[in-house]
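Colleague: Plus 39 on top of the position in the sequence shown (first one is 1) and you've got our numbering.
Each residue gets a CB set at the ideal place from its N, CA and C atoms; glycine is no exception.
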Amino acid sequence: MKPIPIFALAATLIAGCASMYAQTPARIADGVLVGPNDMTLYTFDKDMAGAGTSACNGPCASNWPPLMATDSDKASGDYTVITRDDGKKQWAAKGKPLYYWSKDSKPGDKSGDGVLNLWHAARVARPATTTY
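1) Give the C-beta separation of G134 and A88 to the nearest angstrom, bearing in mind that I take them to be a contact with Cβ-Cβ under 8 Å.
2) At 4 residues or longer, and completely inside the stretch 90-164: list those alpha helix (DSSP H) runs for me, N to C.
3) Using a Cβ-Cβ cutoff of less than 6 Å, which residues in the same chain neighbour A68 once the five nearest sequence positions on both sides are dropped?
4) Please work out which residues of its chain come closer than 7 Å, Cβ to Cβ, to L157, disregarding the five sequence neighbours upstream and downstream, and give them in chain order.
5) Measuring alpha carbon to alpha carbon, tell me which of P98, P64 and N102 ends up nearest S144.
6) Give me, in chain order, the residues of the same chain whose beta-carbon lies closer than 7 Å to that of A114; leave out the 5 immediate sequence neighbours on both sides.
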């Protein structure tokens, strides 16, 4: 039996461990949360943080499409998964469901921020850093 080079063994172990860490559904860009498609995400004032439901369904969800989650997605850090009225899953940040705005046409657009004074570009504070 041939010995396996140590670097090949290490690479295999590292690759296997990568799947143990949950992927977050959003990231911060230009001060706001964006989805995997780099489009701005929004929160809705009528959604109660931590309620586990969305107040935006039907025609509302046509204008404000939810950031959908799969049945296998799991909560991680500030991100949780809620169940919508139709039984589908949606991502939430700090308990607030996340949505796209149908009128944003390209990454970086934030035209939904402030709509009806109820919709806001989603922001999650970055952890504080200490400078020495």
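Modeller: Looking at the coordinates:
1) 4 Å
2) 98-102
3) none
4) F83, D84 and K85
5) N102
6) V120
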